[in-house]
Amino acid sequence: MKKGLLFVAMIAAIYTAKAQDTEEPKSIGTTMLERAKDEKLSIGGYGEVHYNQQISGNTRYNGNMDVHRMVLFFGYQFNEKTSFVTEIEYEHVKELYVEQAFLNYNVRPSTSLRAGLMLVPMGIVNEYHEPTTFNGVERPSVDNSIVPTTWREIGVGVSGRVPSMPIKYQLYVMNGFNGYNDGGVLRGSDGLRKGRQKGAESTFTSPSLSAKVDYYGVKGLNIGMAGYFGKTQSSAFNGLDKNDDFAEAVADSTRVGISMFGMDVRYKLDALQLKGQYIHSFISDVAEYNDKTGKDLGKQMQGYYLEAGYDLLHGKEQALVPFVRYENYNTHHKVGGSMVANKAYDREEIFFGVSYHLAKGAVVKADYQMSKDAKDVKKNFVNCGVGVWF
């Protein structure tokens, strides 16, 4: 409840500007579609190279240097109504993924039908994850452990704007997390993250529903509300006799229900930049799932962060943005059955850092990360990186 009041207070504090010169928030998919209108074939990309160093007064740690990801965008305009967008991603030099691949059909100027592999509209970074769009070398931890970014599934749905209103909406029927593949997949330490199917020979048992509404009627302000509802997919149903009630019950114990709710706020006033996000997941049938699989999945997960930055070079071609971000997230917010919550999964982090935008689409970043869990285990990191988006 207190976290919700933080966001209400944040919105109330910044809701002072007039509703004028507003701008619709645009994800990379929307940006590529707009480029494709001007050119039959459009090409873009983004990439990140990172250095992460854990530091301690008593222990020496090796650092980690990584070409974290390199992504190529391709968009193609078949005609004025039909277009295609895809992202091809290399992670850690050796892992190849398709991040998006969807067909877009404009039913009318303000309404589009989409089908294919799409990002789930939840939070900020899952849709706006290019390195020049967020502060900090790594993406926020809440978006890593709770959302979990980059979360995409195959589905179909509608995206558009409400005519004459500063409201953007998305509604998709999609495949869901895979919770069981000849063994349990989901666990307490990182929640739903390992269940992302990413469109790669995905198991489908039943559909899930994903929806988000964005309000952008005040200059510099965007407020998003999102929801996701469904059950996990399971290989235990493959080849199952529909008349075998016992086998059906056993297979059903390999699935959990997921209801995820999110709220995010972004606000810019001249040089000032404010962000906030809150995500809460409710997971049903957890006790049965853990008993069947031997996992320790939590019954509820929740996380939030608040961030403030200030552009010291506001109004110039370059930007220099020192920032601070506080994060709090717990993948064992509540647990089911007789299981005891693991305090190591209740974490908070503080980041101090700076983003130096050398030009539009090129950034150098550095931050200091202080992390601790409810067991009072502390870890500190220095992170540095470069990022591009074109």
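In mature numbering (1 follows the signal peptide of the UniProt record, and there is no 0), the protein residues as written are -19 to -1, 1 to 371. Every residue gets a Cβ at the ideal spot worked out from N, C-alpha and C, and that includes glycine.
Per DSSP, cross-strand counterpart(s) of residue i
{"i": "E329", "result": "N309 and K353"}
{"i": "F281", "result": "Before going further, note that residue 281 is Gln rather than Phe in the sequence given. Note: Q281 sits in a beta bridge opposite F263 and K315."}
{"i": "H73", "result": "Beta-bridge pairing links H73 to no other residue."}
{"i": "L294", "result": "Beta-bridge pairing links L294 to no other residue."}
{"i": "M320", "result": "Answer is none; M320 lacks a bridge partner."}
{"i": "F54", "result": "G25 and E68"}
{"i": "Y248", "result": "L202 and L255"}
{"i": "P303", "result": "V335"}
{"i": "E288", "result": "K256 and R306"}
{"i": "I239", "result": "G211 and I264"}
{"i": "I148", "result": "Y196"}
DSSP-derived helix/strand/coil call for residue i
{"i": "N364", "result": "strand"}
{"i": "V369", "result": "strand"}
{"i": "N45", "result": "strand"}
{"i": "G38", "result": "coil"}
{"i": "Y109", "result": "coil"}
{"i": "T63", "result": "strand"}
{"i": "V231", "result": "helix"}
{"i": "Y270", "result": "helix"}
{"i": "D222", "result": "coil"}
{"i": "T92", "result": "strand"}
{"i": "K341", "result": "coil"}
{"i": "G176", "result": "helix"}
{"i": "D195", "result": "strand"}
{"i": "S122", "result": "helix"}
{"i": "A207", "result": "strand"}
{"i": "S216", "result": "helix"}
Residue j beta carbon less than 8 Å from that of residue i
{"i": "S140", "j": "S189", "result": "no"}
{"i": "S265", "j": "V231", "result": "no"}
{"i": "residue 382", "j": "N203", "result": "Beyond the ends of the chain as shown, which are -19 and 371, falls residue 382; an answer cannot be given."}
{"i": "F83", "j": "M99", "result": "yes"}
{"i": "V302", "j": "S336", "result": "yes"}
{"i": "F254", "j": "Y307", "result": "It should be pointed out that residue 254 corresponds to Gln in this sequence rather than to Phe. No, the Cβ-Cβ distance between Q254 and Y307 is not below 8 Å."}
{"i": "E68", "j": "Q81", "result": "yes"}
{"i": "G180", "j": "M155", "result": "no"}
{"i": "G117", "j": "K356", "result": "no"}
{"i": "V52", "j": "Y27", "result": "yes"}
{"i": "R142", "j": "S91", "result": "yes"}
{"i": "Y32", "j": "G366", "result": "yes"}
{"i": "Q258", "j": "K193", "result": "no"}
{"i": "F371", "j": "Y349", "result": "no"}
{"i": "F263", "j": "S240", "result": "yes"}
{"i": "M103", "j": "V74", "result": "no"}
{"i": "S122", "j": "E288", "result": "no"}
{"i": "Y109", "j": "S8", "result": "yes"}
{"i": "N364", "j": "E119", "result": "yes"}
{"i": "G211", "j": "D195", "result": "no"}
{"i": "Y285", "j": "N309", "result": "yes"}
{"i": "Q34", "j": "G44", "result": "yes"}
{"i": "E70", "j": "R89", "result": "no"}
Residue environment, residue i, which counts as buried when at least 16 other CB atoms sit within 10 Å
{"i": "K62", "result": "exposed"}
{"i": "N125", "result": "buried"}
{"i": "T40", "result": "exposed"}
{"i": "P112", "result": "buried"}
{"i": "S187", "result": "exposed"}
{"i": "D225", "result": "exposed"}
{"i": "K21", "result": "exposed"}
{"i": "A300", "result": "buried"}
{"i": "M46", "result": "exposed"}
{"i": "M146", "result": "exposed"}
{"i": "G38", "result": "exposed"}
{"i": "G243", "result": "buried"}
{"i": "A207", "result": "buried"}
{"i": "K149", "result": "buried"}
{"i": "R95", "result": "buried"}
{"i": "K341", "result": "exposed"}
{"i": "F362", "result": "buried"}
{"i": "Q1", "result": "Per-residue confidence for Q1 stands at a pLDDT of 42, beneath the threshold of 50, marking its modelled position as unreliable; the derived number appears in the next sentence. Q1 is exposed by the Cβ-count criterion."}
{"i": "K223", "result": "exposed"}
{"i": "G164", "result": "exposed"}
{"i": "K107", "result": "Going by the sequence as given, residue 107 is Asn instead of Lys. By the neighbour-count rule (16 or more Cβ atoms within 10 Å), N107 is buried."}
{"i": "R328", "result": "buried"}
{"i": "V321", "result": "exposed"}
Query raised in the report: Using 8 Å as the threshold, is the stretch 163 to 183 in touch with the stretch 132 to 151, meaning 3 or more CB pairs across them?
Result: Flag = yes, the stretch 163 to 183 and the stretch 132 to 151 touch.
Query - the stretch 244 to 255 contacting the stretch 264 to 282, beta-carbon criterion three pairs below 8 Å - result: Verdict: no, contact absent.
Query raised in the report: Using 8 Å as the Cβ pair cut-off and three pairs as the minimum, do the stretch 151 to 165 and the stretch 46 to 66 touch?
Result: no
Query - Meets three-Cβ-pair contact criterion under 8 Å: the stretch 308 to 320 and the stretch 277 to 285 - result: yes
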